[in-house]
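Chains as they are written, first to last, in our numbering: chain B, 5 to 317; chain L, 793 to 1090. Below you'll find the structure, written out as structure tokens, and then a few comments.
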Amino acid sequence: MVTFRRKKVNVPMIAVTGGKGGTGKTTVAVNLAVGLNLEGLKVMLVDVDVDGPCCAALLGAELGVGEEVKTFRPLIDETKCVGCRRCVEVCREHALFSLQGQTPILFEELCSGCKACQLVCQYGAIKDGWKIIGTIYTTDANGIRLVVGELRPTEPRSPMVARATVLRAVSELQSGGYDVAIIDTAPGVHNAVAQPLWVADFALVVTEPTPLGAHDLRFILDLARELELPAEIVLNKADVPGGSKDELLSISSERGIGIAAEIPMDDELLRSYLSGEPLVKRTSCSPAAKALLSLVRRVAKRLKGVESDGTTA
Amino acid sequence: MKEIVVASGKGGTGKTTVASSLAVYLVRKGLKVFTADADVDAPDLLLALGGGKTVFSVNIRASEKATVDGDKCVSCGKCFEVCPFGAMVMPEGGRAMVMKLMCEGCGVCKLVCPTDAIEVGQADTGTISVEETKYGFGCATGKLKLGEHNSGHLVASIRNIARRKAQDEGSDVLIVDAAPGIGCPVIASITGADYVIAVTEPTPAAKRNLKRLSQIIKHFDIPAGVVINKGGYSGDFETTLRDWVLNELRFQFLGEIPVDYEVVRAQVQMKPVIDFNPDAKASKALAVIANEVGEILW
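Structure, rendered in structure tokens:
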């Protein structure tokens, strides 16, 4: 299956994901991106948590205007429609409704933009209309090229915005000049997470030492395995008072998936969060900064190894 | 029966902590409670309640997926070109294949296939069960197959089963633990609810996501209140956030839960913190919040 992973770009892509929400995906992604940049690499950071993108806030970046993400929406030409209802029958989302002989009515919130209706219409009565479902922002901050996908509130189609964001990032990577792309995903194991994992070459799976963290870690490792995506675990909040690492360590050994870093609790992380300045830029001495910088060196070494083998992506 | 949804624009803010402790608080106040876990990607509510005994379970087929008949496929690549989700893969010289994880079942591939090699059919989604917890109330939750997650249809199925069971039992309240974010499963969780509890943290990122969530809540015109979790460390930001909730969002402010590692210890013991240690700072704050919710709804 890995041979199908054709993204037509020779830049290594590392996904930061995690199953459970709030484990520290964005903290790891942003600090990894900034750390690799401090190591001299040209880094693109892609925020594909389109429901709640946070990379810009942590990176201290201002998002400008952005480009709209549009999906198809059928525009029905009443003068051409004969009321055959083929479009109504083909729509699996039941977004079109009509009685025999009448022009269908569109329930826009149900339409997925798949174009099935247009494909079956034999009378050319369905024209291209558009619906804005999100925005993609691109900017430069802290030496990082940032690409952010954002779902428009009240729109339900996160996977489509995630896909558009991934495609936008890949197209910019194709133009060259980047050494690595770091992709921050949404929590969960759904399509909007699978979209970025599908183009990634490697995943860092961020978890925390609680039964809930362990439970959701299993889900995301199942997803990575399904996509044949190599992964390592990042154990965040590793020394949280009252936490328990036992279950995580047994998942790691059961599945033969290594632990790339253990990040301890650190008040400096909260300060960096509040100030919008990435931790590894603020300090290299605090406990979490040391752990993150060690992760950066591990990833940098791996990237250099990949380059010298000539087996990039 | 009142239906309360615990939601959050950002992940990991403490939805499950709030939902589990609220349920235990209300049941101890003498209300008949029912719960549902609508975070089907990370279904942690039952774990937070110490597990349960299955009283009812049903297999569901809530999603549709395409499949390709390799013998009929002529590798023309038309399905690959039209798939809006990038779910079709065309290996060099091989037959088309469906990445089920990414297929949303729209069926466009079937329409363009010249050799009728593609079928779209209902997929086996998994099981929805109702579990009896040791706190004397039920919890509806999903055990799902990989790639069958996060659909609004599925959340709707879980809510329907929970509502029916809760009504059969004569429950006063159904508490729904929603998925993080603002997408399809969240919309499916909050539509038609009586009240939304939006859980947030005192950080700029969480505030931004709360704003996005508030746009949905307002769109569906549902009364809502905000809980600030993991408070006590962010100084001025917390005061500003509270004012912003009251004056800009115009939501009720239900209370603030301070950072308290008893919450982590309670999770490890798989008990709601309010039961694990009623004297913990977080438990006291949760009791105030639960009481406030009770005042608002009854």
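Using N, Cα and C, we set each Cβ at its ideal position, and we do this for glycine too.
One thing to note: T211(B) has its Cβ no nearer than 8 Å to the Cβ of T83(B). Between L67(B) and V34(B), the C-beta gap is not smaller than 8 Å, which leaves the two residues out of contact.
Taken atom to atom, the span from the alpha-carbon of Q914(L) to that of V124(B) is near 22 Å. Residue pairing by DSSP places R149(B) opposite M48(B) and D144(B) in a beta bridge. Residue-level contact check: A1077(L) does not touch chain B, since none of the beta carbons of chain B fall below 8 Å from its beta carbon.
Rounded to whole angstroms, D863(L) and C118(B) show a C-alpha spacing of 26 Å. Under the three-state reduction of DSSP output, M164(B) falls in the helix class.
Taking one beta carbon from each stretch, the region 1009–1018 of chain L and the region 1066–1073 of chain L have fewer than 3 pairs nearer than 8 Å; the two do not touch. Annotation: Y1025(L) to P213(B) spans about 22 Å, alpha carbon to alpha carbon. For P1050(L), DSSP records a beta bridge to G1023(L). Cβ neighbours of V825(L) within its own chain (closer than 6 Å, five residues either side excluded): A815, L818, V819, F929 and V965.
DSSP places Y277(B) within a helical segment (H, G or I) once states are collapsed to three. With distances taken between CA atoms, V152(B) lies nearest to R172(B) out of R172(B), I136(B), W134(B) and N146(B). Linking R161(B) to Y141(B) through their CA atoms gives a straight-line distance of about 18 Å.
Shortest Cα-Cα distance from K305(B) to any of T30(B), L36(B), V13(B) and T31(B) involves L36(B). R229(B) is bridged by DSSP to nothing; it lacks a bridge partner. By the rule that beta-carbons nearer than 8 Å mark a contact, D833(L) touches chain B. C59(B) counts as buried, since no fewer than 16 other beta carbons sit within 10 angstroms of its beta carbon. For P883(L), there is no enclosing beta strand (DSSP E), since its DSSP letter is neither H nor E.
A straight line joining the alpha-carbon of E993(L) with that of S812(L) spans about 18 Å. By the Cβ neighbour-count rule, W202(B) is buried, with 16 or more other Cβ atoms within 10 Å of its own. The beta carbon of D960(L) does not come within 8 Å of any beta carbon belonging to chain B, so the residue lies off that interface. When the Cα atoms are used, G885(L) and I109(B) turn out to be separated by approximately 42 Å.
Secondary structure at N41(B): helix, using DSSP grouped into helix, strand and coil. At a cut-off of 8 Å between C-beta atoms, E230(B) counts as an interface residue with respect to chain L.
In this structure, N1039(L) sits away from V991(L), with a CB-CB distance that is not shorter than 8 Å. Under the three-pair Cβ rule at 8 Å, the region 182–199 of chain B does not count as touching the region 88–98 of chain B.
Leaving aside the five residues that flank K802(L) on each side, the residues in its chain whose CB is nearer than 6 Å to its CB run, in chain order, A998 and N1001.
Counting C-beta atoms within 10 angstroms of its own C-beta, K857(L) has 16 or more neighbours from the protein chains shown and is therefore classed as buried. Separation of the CB atoms of V860(L) and I910(L) is rounded to 6 Å, and the pair is thereby assigned contact status at 8 Å.
Residue state for Y817(L) is assigned as helix, using DSSP reduced to three classes.
Pairwise C-beta distances place the region 828–842 of chain L in contact with the region 944–956 of chain L, as three or more of them are shorter than 8 Å.
For Q914(L), the enclosing beta strand (DSSP E) begins and ends at I910 to A915. Taking 8 Å as the threshold, the shortest C-beta distance from D220(B) to chain L falls below it. Taking all protein chains in view, the Cβ of V47(B) is crowded by 16 or more other Cβ atoms within 10 Å, so the residue is classified as buried. Check the Cα spacing between V1056(L) and each of L216(B), E236(B) and R259(B): the tightest is with L216(B).
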